[in-house]
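**Q** Positions 15 to 634 (our numbering) are the ones given, in order, by the sequence shown. Even glycine gets a Cβ: it sits at the ideal position worked out from N, Cα and C. Before anything else, here's the structure in question.
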Amino acid sequence: MDLLVENSNRNYYVKKTKFCELLIIDSNELKEYRCRGISVEIPPELQSMLDAEHGPTKQKAARLVVDLAASAGASEFTRCAHAHVSGVSVITGGHGLRRFLSDLSGDPEGTVSIPTTLNSAGCDREQIEEMGIDHENFLEYQFEIIHAYSELGIDATLSCTPYDRGVEMESGIGSWAESNAVCYSNSYTSLMTNRESGLSALATALTGWAPLWGLHIESNRIPNILVTVEASMENLADWSVLGDWIGMQIKPEWNLPWGFMPRIVGLPSNAGFEERKALTAAAANYGCPMLWADGLTGEAPEVTQFEGELIFAENDLAERYAELAPTGTVDLVVIGCPQASVGEARATAAAVRSHMELGQKIQDSRLWVFTSGYNYELLQADGTVDLLEEAGALVLKDTCPEVTPYNRSKYNHILTNSLKAEHYLKSGLNRLPTSVAPIQECVAHAFNPALSEGPRPLLDGKKAKPLASNKTHQTSSVTLYGNGLPSQTDWKITGKAMVTDVPITYLGYVNRDSGVIEEPGHPLDGVPIEDTILIYPKGSGSTVAPFVLMGLIYTGKGPKGIINRDVCPLTLPAASLLALPYAHGFDDDPTLAINDGDSVEMSLENGQVQLSVLSRASED
Numbered sequence: 015m016d017l018l019v020e021n022s023n024r025n026y027y028v029k030k031t032k033f034c035e036l037l038i039i040d041s042n043e044l045k046e047y048r049c050r051g052i053s054v055e056i057p058p059e060l061q062s063m064l065d066a067e068h069g070p071t072k073q074k075a076a077r078l079v080v081d082l083a084a085s086a087g088a089s090e091f092t093r094c095a096h097a098h099v100s101g102v103s104v105i106t107g108g109h110g111l112r113r114f115l116s117d118l119s120g121d122p123e124g125t126v127s128i129p130t131t132l133n134s135a136g137c138d139r140e141q142i143e144e145m146g147i148d149h150e151n152f153l154e155y156q157f158e159i160i161h162a163y164s165e166l167g168i169d170a171t172l173s174c175t176p177y178d179r180g181v182e183m184e185s186g187i188g189s190w191a192e193s194n195a196v197c198y199s200n201s202y203t204s205l206m207t208n209r210e211s212g213l214s215a216l217a218t219a220l221t222g223w224a225p226l227w228g229l230h231i232e233s234n235r236i237p238n239i240l241v242t243v244e245a246s247m248e249n250l251a252d253w254s255v256l257g258d259w260i261g262m263q264i265k266p267e268w269n270l271p272w273g274f275m276p277r278i279v280g281l282p283s284n285a286g287f288e289e290r291k292a293l294t295a296a297a298a299n300y301g302c303p304m305l306w307a308d309g310l311t312g313e314a315p316e317v318t319q320f321e322g323e324l325i326f327a328e329n330d331l332a333e334r335y336a337e338l339a340p341t342g343t344v345d346l347v348v349i350g351c352p353q354a355s356v357g358e359a360r361a362t363a364a365a366v367r368s369h370m371e372l373g374q375k376i377q378d379s380r381l382w383v384f385t386s387g388y389n390y391e392l393l394q395a396d397g398t399v400d401l402l403e404e405a406g407a408l409v410l411k412d413t414c415p416e417v418t419p420y421n422r423s424k425y426n427h428i429l430t431n432s433l434k435a436e437h438y439l440k441s442g443l444n445r446l447p448t449s450v451a452p453i454q455e456c457v458a459h460a461f462n463p464a465l466s467e468g469p470r471p472l473l474d475g476k477k478a479k480p481l482a483s484n485k486t487h488q489t490s491s492v493t494l495y496g497n498g499l500p501s502q503t504d505w506k507i508t509g510k511a512m513v514t515d516v517p518i519t520y521l522g523y524v525n526r527d528s529g530v531i532e533e534p535g536h537p538l539d540g541v542p543i544e545d546t547i548l549i550y551p552k553g554s555g556s557t558v559a560p561f562v563l564m565g566l567i568y569t570g571k572g573p574k575g576i577i578n579r580d581v582c583p584l585t586l587p588a589a590s591l592l593a594l595p596y597a598h599g600f601d602d603d604p605t606l607a608i609n610d611g612d613s614v615e616m617s618l619e620n621g622q623v624q625l626s627v628l629s630r631a632s633e634d
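Put into structure tokens, the structure is as follows:
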């Protein structure tokens, strides 16, 4: 039965359904698609995609959109104005991305329904020799990925800063999957987006629809921690340090359903685009989707009580710089993570010019400046590119320091002005010791390698500060009840539980070949996720997470089932598309009720998941 639904400023017809026993085409085989335990109003356009009237690609996308809607408890769907898809570089998306895109090929109807842009690639194809990339078949694989996205109708902008020219900002709902872009758009513009994964953003791009939930809803856009800044914040890099520092202070007991969203007081009100960009980009390292800064953003909603209050003092800034300062030989200096704005590139050029006037030159292209293709043309027109190249720097477009594979025969210690770069360069993406300093100091090191001499620093996970955990050993019997995914039929699995109350960051911190967690300080550091029932609050870090997880599932190195405490668009998409048993929304916190190592049974029946402990692990 169809009925008219009225919604403030729009009307549309929907079909009331429980998605019972729909026939779908998947891998050229008809399979029964039965979604139980959920009633949702589906716009006719989206329903027709579920019914395979627009081909198998849009059908898969529609299923994912509905699964996310059910998990998020969304009561309706919304049209989106724009999508931005992450997961482009060979070293971020990896095998999972290439295989998934290959599975989507050959569908003439499988093209995007709304304007969609693409994140940065792993190289500048015109300067790949200058970058010295030592990665077998890298260029072939990279442009296989870009071509596949282009075949879907996506504009291959290859930029991680869609808000910095190239995309006209507007009011409404977006579906963005680059973490720094999500935080920037929500904080400073009228485009509202959840922190989507590359897969959920792609699903919205293909269908044009997204569940209305999370940060789409004004009542959820509320600050949950208070940060008072007492440091002077005189340098651009100070803002990057601050954003990252806030994320490092988050405690597991704080209730942050949409991630930490700070109200920041005490910042200079004359900050420009570059400062605001640096702050949100670094805060996004730890999952921040939005922030308020007095005088720089819209006025923050009133809050009677914050989950936590932090003070960022002058000594905190100084201590962090001391921790991040270069020790030992610096092999390469990189600027532009996220991709450098015109202002950031010009500031770098100004610092370079002061050394050139003394007759100095950069040897061995020790300075790389990364920017978008759009900004590259502007910088080329005003002479900035020529100046930097004349000094001996390499100016790269379409890529970013985070997603580039470095030649380890040449580069083993990097200096940057970005805490976003530092966060991911040290991860399993490249495992490069990385130091941080302001632009002027970075440039000085590029000209003079002798500024920091001695052995290169080594990544020593043993010195990492343990991440806070509230887990205690449990002995009583327990059975918990939660929710499954609408797209999954009944299942039952048993196995060893792998449990943490600390989020898991798949990109860079879970080995994409072995499935071993490789995050110093994490309670599960060094433990493989293979063949476990993996229980954790949610994913964190990069929005490319589901491609890493998909790759592990494809190769048999992934878990046999996943339980998330919180709604997790970084984990759910891989489980949805590859039919991995998945559950969420339990009556009690499963990360605290289940011990790591317990033997458990997990089953789905009529939309409800039952999780039972079969035997408890012994306490170490």
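In whole angstroms, what is the alpha-carbon distance linking Arg422 and Ile428?
**A** Those two C-alpha atoms are separated by around 11 Å.
**Q** Let me know the secondary structure DSSP gives Asp400 once reduced to three states.
**A** Asp400: helix per DSSP, three-state reduction.
**Q** Would you tell me roughly how many angstroms separate the C-alpha atoms of Leu270 and Ser189, rounded to the nearest one?
**A** For Leu270 and Ser189, the distance between alpha carbons rounds to 21 Å.
**Q** Once DSSP output is grouped into helix, strand and coil, what is the label at Pro276?
**A** It is a strand residue.
**Q** Let me know if Ile547 comes out buried or exposed under the rule of 16 or more other beta-carbons within 10 Å of its beta-carbon.
**A** It is buried - the Cβ of Ile547 has at least 16 other Cβ atoms within 10 Å.
**Q** As an exercise, report each continuous alpha helix (DSSP H) stretch of at least 4 residues that is fully enclosed by the stretch 474-535, in chain order.
**A** Within the stretch 474-535, the complete alpha helix (DSSP H) runs of at least 4 residues are 520-523.
**Q** Which residue from Trp253, Pro583, Ile549 puts its Cα closest to that of Pro604?
**A** Of the candidates Trp253, Pro583, Ile549, the one whose C-alpha sits nearest the C-alpha of Pro604 is Ile549.
**Q** So what does DSSP say about Asn609, is it helix, strand or coil?
**A** DSSP places Asn609 in coil when its eight states are reduced to three.
**Q** First and last residue of the alpha helix (DSSP H) that includes Pro352?
**A** From DSSP, Pro352 is part of no alpha helix (DSSP H) but of the beta strand (DSSP E) over 346-354.
**Q** Just the C-alpha distance for Thr130 and Tyr177, rounded to the nearest angstrom, thanks.
**A** Rounded to the nearest angstrom, the two C-alpha atoms are 13 Å apart.
**Q** Give the DSSP-derived three-state secondary structure of Tyr177 in the structure shown.
**A** Coil, per DSSP.
**Q** Note down, in chain order, each residue of its chain lying with its Cβ closer than 7 Å to the Cβ of Arg360, except the 5 sequence neighbours on either side.
**A** So the qualifying residues of the chain are Thr398.
**Q** By DSSP, does Tyr198 sit in helix, in strand, or in coil?
**A** Note: Tyr198 maps to helix in three-state DSSP.
**Q** Would you mind listing the beta strand (DSSP E) stretches within the stretch 569-617 that are 3+ residues and don't spill past its ends, in chain order?
**A** The qualifying runs are 575-578.
**Q** For Asn249, which residues in the same chain have their Cβ closer than 6 Å to its Cβ, ignoring the five residues on either side in sequence?
**A** The residues are Pro452.
**Q** So Leu521 packs on Val562, CB below 8 Å; how close in whole Å?
**A** So it is a contact: roughly 6 Å between Cβ atoms.
**Q** Under 7 Å between the Cβ atoms of Val457 and Thr106?
**A** The answer is no: Cβ separation not under 7 Å.
**Q** Closer than 6 Å by C-beta to Asn133: which residues in its own chain qualify, once you throw out the five before and the five after it? Chain order, please.
**A** Answer for Asn133: Ser100, Val102, Cys174, Glu192, listed in chain order.
**Q** Evaluate contact between the stretch 606-624 and the stretch 499-512, counting only Cβ atoms and requiring at least three cross-stretch pairs below 8 Å.
**A** Counting Cβ pairs under 8 Å, three or more are found: they touch.
**Q** Roughly how far, in whole angstroms, is the beta-carbon of Trp259 from the beta-carbon of Arg334, given that I think they are within contact range, below 8 Å?
**A** Contact holds; Cβ gap of about 6 Å.
**Q** Could you give the C-beta distance for Arg290 and Tyr202, rounded to a whole number, given that I count them as a contact under 8 Å?
**A** At roughly 6 Å, the Cβ-Cβ gap stays under 8 Å, so Arg290 and Tyr202 are in contact.
**Q** Is Gly87 buried or exposed, if buried means 16 or more other CB atoms sit within 10 Å of its CB?
**A** Burial call: exposed.
**Q** Please work out which residues of its chain come closer than 6 Å, Cβ to Cβ, to Asp40, disregarding the five sequence neighbours upstream and downstream, and give them in chain order.
**A** In this prediction, Asp40 has a pLDDT of 37, which is less than 50 and means its spatial position is unreliable; what the coordinates show is noted afterwards. Around Asp40: no qualifying Cβ.
**Q** Can you check which of these residues, Leu118, Leu213, Asp545, is closest to Leu166 by C-alpha distance?
**A** Among Leu118, Leu213, Asp545, the Cα nearest to that of Leu166 is on Leu118.
**Q** For the alpha helix (DSSP H) that contains Ser214, what are its first and last residues?
**A** Its alpha helix (DSSP H) spans residues 212-221.
**Q** When you compare the stretch 69-89 with the stretch 217-225, are there three or more beta-carbon pairs, one atom per stretch, that lie closer than 8 Å?
**A** With a cut-off of 8 Å, the stretch 217-225 and the stretch 69-89 count as touching, because enough Cβ pairs lie within range.
**Q** Excluding five sequence neighbours on each side, which residues of the same chain lie with their C-beta closer than 7 Å to the C-beta of Gly146?
**A** Asn421, Lys424, listed in sequence order.
**Q** Take every Cβ of the stretch 71-78, pair it with every Cβ of the stretch 209-222, and state whether three or more of those distances are shorter than 8 Å.
**A** Contact between the stretch 71-78 and the stretch 209-222 is present, because at least three Cβ pairs lie under 8 Å.
**Q** Where do the N-terminal and C-terminal ends of the beta strand (DSSP E) with Trp382 fall, by residue?
**A** First-last of the beta strand (DSSP E) with Trp382: 381-385.
**Q** State the beta-bridge partners of Asp169 as determined by DSSP.
**A** Answer is Thr131, bridged to Asp169.
**Q** Rounded to whole angstroms, how far is the Cβ of His109 from the Cβ of Gly565, which I believe are closer than 8 Å?
**A** Yes, His109 and Gly565 are in contact; Cβ-Cβ is about 4 Å, under 8 Å.
**Q** Leaving aside the five residues before and after His437 along the sequence, list all residues of the same chain whose C-beta is less than 7 Å from its C-beta, in chain order.
**A** The residues are Asp258, Asn299.
**Q** Does any residue of chain D bring its CB to less than 7 Å from the CB of Glu316?
**A** Checking the listed chains, one finds no chain D in this structure; it contains a single protein chain.
**Q** Please give me, in chain order, every unbroken run of the alpha helix (DSSP H) with length at least 4 that falls completely inside the stretch 230-266.
**A** For the stretch 230-266, whole alpha helix (DSSP H) runs of length 4 or above, ordered along the chain, are 250-262.
**Q** Count the other CB atoms, across all protein chains shown, that sit within 10 Å of the CB of Met247; report buried if there are 16 or more and exposed otherwise.
**A** Counting Cβ neighbours within 10 Å, Met247 comes out buried, since at least 16 surround it.
**Q** When DSSP labels each residue in this structure, what does Met206 get in the three-state scheme?
**A** Looking at Met206 - three-state DSSP - the assignment turns out to be strand.
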